[in-house]
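Here the sequence shown is numbered in the working numbering, starting from 70 and rising by one per residue.
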Amino acid sequence: MSSETIFSPRAQIACVTGDEPSFEALTTSFHKAGFAIARRDASASADIGLIDLRNQTISPRKAKTIAGALRRKSPESPLIFLVDPALGAAMRSALRRFGEVIPAQGQLDHVLVRCREIIRLRNIAEETGERLKSLATLNRLVEFPVITTTSAQTRILIAGAPGPAAMAAVSAVGAIAGDATCVLNAGQAMRALEHDDFDCAIFLPTAENDPMLAFVRTLRRHPKHAHLAIIQIADHPADLATYARKGARDFVLAQQISVELAAKAQLASRRARLLRSMRKFLNSCKGEGIRDASSGAFTSLFLTEHANRICARADQTGRALSLTIASLSDADGQASTARTLNHAARLINRVTRAEDLVARISRKKFIILSPATNIEDAKKIGLRISGVLANTAFRNQRTDKPYAIDVVTKSYSRARGLCIEECVAAGLKDMDGAATPRRQSPR
70 MSSETIFSPR
80 AQIACVTGDE
90 PSFEALTTSF
100 HKAGFAIARR
110 DASASADIGL
120 IDLRNQTISP
130 RKAKTIAGAL
140 RRKSPESPLI
150 FLVDPALGAA
160 MRSALRRFGE
170 VIPAQGQLDH
180 VLVRCREIIR
190 LRNIAEETGE
200 RLKSLATLNR
210 LVEFPVITTT
220 SAQTRILIAG
230 APGPAAMAAV
240 SAVGAIAGDA
250 TCVLNAGQAM
260 RALEHDDFDC
270 AIFLPTAEND
280 PMLAFVRTLR
290 RHPKHAHLAI
300 IQIADHPADL
310 ATYARKGARD
320 FVLAQQISVE
330 LAAKAQLASR
340 RARLLRSMRK
350 FLNSCKGEGI
360 RDASSGAFTS
370 LFLTEHANRI
380 CARADQTGRA
390 LSLTIASLSD
400 ADGQASTART
410 LNHAARLINR
420 VTRAEDLVAR
430 ISRKKFIILS
440 PATNIEDAKK
450 IGLRISGVLA
460 NTAFRNQRTD
470 KPYAIDVVTK
480 SYSRARGLCI
490 EECVAAGLKD
500 MDGAATPRRQ
510 SPR
């Protein structure tokens, strides 16, 4: 187990493209985002199959042949087709039978955003399945919520100035939405989201400095709306990368609204509902011997059962697996109280992702297991935990005086073949050998 690696990619991308310059351009863009990209024959197992059909003659037979070859290589990998923005509606419909169709020109920021969203959804779905298996092994399934989606009608929010794009969007979603609410600006959109629950939000093209762009980015960081399906409509293909950098997750060109928007909004809404159900399951795994009710941390019993299953999954898929150890201490001994430890554990759960597993391995030490996560992203998780805990003012229950605790976090990358006990033991040995900084609590 090591804490440093030369390059640990976030995901493996299997690429099929027509010429070498296109492949080099894709390689540069994806490497900057932390993805490893390789030719189809060079990649044994891929997280996503990317098929670049730009500037090429396309036929349904050709697309089916390429998709079939990638499916045989990596049966579980979703497919993404990069196409010219001017591609006809009939050909787009044919390609959507095999995977997701994304129009693209020179800039690929929106393609990278879609790849990250697809991988995140896959990670949550896989963790849900693996956690169900672990709970079944421990005979604890009756303690947890059922993963299901509501049968209520789809609710869609359309935000933007009136115009041809707005009229086309309203007409397109009318066939699939039970309720479509239209607002004109960011303030009205904010009020609508505060009072109603929506499955999907559609944002119309906006000016460069429109507050709507900042509002879209805010939604991604809001705990209630973080997994709201967001579709951004763009007038021009060049705007796709700009909207992606501003926080949009899915995209439709204005000239394709009547053809694509309804199907895309319906699929995005269904995924959003299923994602909320899975996150609810992952965040509410409670029960005797599984998760401590007062702190929310998983027990060593569940860690041993589930983490070895995750390790086996990582060996099978070849994906990265990282763990972060957080150690609490302070100058006055306040961190040893059960109230402080429970509060700290709840804070750790709140700042980690749904697919991460937070368990207590000793009285003052916690482990955060992060499946399909490289060492660089695991370090960011550790920095977020230490930043939140170190800047939280805890209160003494008797004197009501504030005090602070010291948090030391260190992330490790699991070496292939190691079990969770070996990883934790090596990490604890490394942390115990390092000097722990201490500071005086505020008086």
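Even glycine gets a Cβ: it sits at the ideal position worked out from N, Cα and C.
DSSP-derived helix/strand/coil call for residue i
i      : result
Asp88  : coil
Leu497 : helix
Glu169 : strand
Asp469 : coil
Asp319 : strand
Ala80  : coil
Gln301 : strand
Thr393 : strand
Leu438 : strand
Arg161 : helix
Ala105 : strand
Leu458 : helix
Val152 : strand
Ile33  : Past the edges of the chain, shown from 70 to 512, lies residue 33, and the structure says nothing about it.
Ala241 : helix
Phe367 : strand
Ser98  : helix
Arg464 : strand
Ser398 : strand
Ser327 : helix
CB-CB length for residue i against residue j, believed under 8 Å
i      : j      : result
Ala115 : Ser146 : 5 Å
Gly365 : Arg415 : 5 Å
Thr223 : Ala246 : 5 Å
Thr359 : Phe367 : It is Ile, not Thr, that sits at residue 359 in the sequence shown. With a Cβ gap of about 7 Å, Ile359 and Phe367 count as contacting.
Gly118 : Ala94  : The Cβ separation is near 18 Å, so there is no contact.
Leu207 : Phe371 : 7 Å
Val476 : Ile454 : 7 Å
Leu148 : Leu139 : 6 Å
Buried or exposed (CB count within 10 angstroms, at least 16 for buried), residue i
i      : result
Gly137 : exposed
Gly460 : The sequence given here places Asn at residue 460; Gly does not occur at that position. Looking at its Cβ environment, which holds fewer than 16 other Cβ atoms inside 10 Å, Asn460 is exposed.
Lys315 : buried
Asp268 : buried
Pro274 : buried
Ser480 : buried
Lys293 : exposed
Val215 : exposed
Glu196 : buried
Ala395 : buried
Glu424 : buried
Lys333 : buried
Gln466 : exposed
Thr393 : buried
Asn278 : exposed
Asn418 : buried
Asn192 : buried
Arg183 : buried
Residues near residue i by beta carbon distance below 6 Å, same chain, minus five either side
i      : result
Cys251 : Ile227
Gln301 : Phe272, Tyr312, Ala317 and Phe320
Asp153 : Arg123
Pro129 : Ala163
Asp178 : Ala310, Ala313 and Arg314
Ala105 : Pro78 and Gln81
Leu343 : Thr218
Pro280 : Ala255
Extent of the continuous beta strand (DSSP E) run through residue i
i      : result
Arg340 : Not the beta strand (DSSP E): Arg340 falls in the alpha helix (DSSP H), residues Ala331 to Asn352.
Ala249 : Asp248 to Val252
Ser480 : Asp475 to Ser482
Leu426 : Leu426 to Arg429
Ala261 : Ala261 -> not in any beta strand (DSSP E); alpha helix (DSSP H) instead, spanning Ala255 to His264.
Ile225 : Arg224 to Ala228
Cys269 : Cys269 to Phe272
Beta-carbon proximity list for residue i, same chain, < 7 Å, skipping 5 on both sides
i      : result
Ala249 : Ile225, Ile227, Val239, Val242 and Gly243
Arg286 : Lys315 and Gly316
Leu390 : Ile379, Cys380, Ala383, Pro440 and Arg483
Same chain, Cβ closer than 8 Å to residue i, neighbours up to 5 away in sequence not counted
i      : result
Ser327 : Ala237, Ser240 and Ala241
Ala341 : Asp268, Cys269, His296, Leu297 and Ala298
Arg161 : Val152, Val170, Gln325, Val328 and Glu329
Ser587 : The structure shown does not extend to residue 587, since the chain is modelled only from 70 to 512, so the question has no answer here.
Extent of the continuous alpha helix (DSSP H) to which residue i belongs
i      : result
Pro280 : Pro280 to Arg290
Cys184 : Asp178 to Thr206
Asp121 : No alpha helix (DSSP H) holds Asp121; the beta strand (DSSP E) holding it covers Ile117 to Asp121.
Leu309 : Asp308 to Arg314
Ile26  : With the chain running from 70 to 512 in the structure shown, residue 26 is simply not present.
Ala413 : Ala407 to Val420
Distance cut-off 7 Å: residue i Cβ against heavy atoms of the ligand NAP
i      : result
Thr206 : Inclusion of the ligand NAP in the displayed structure is not the case, the ligand content being empty and no account of it being possible.
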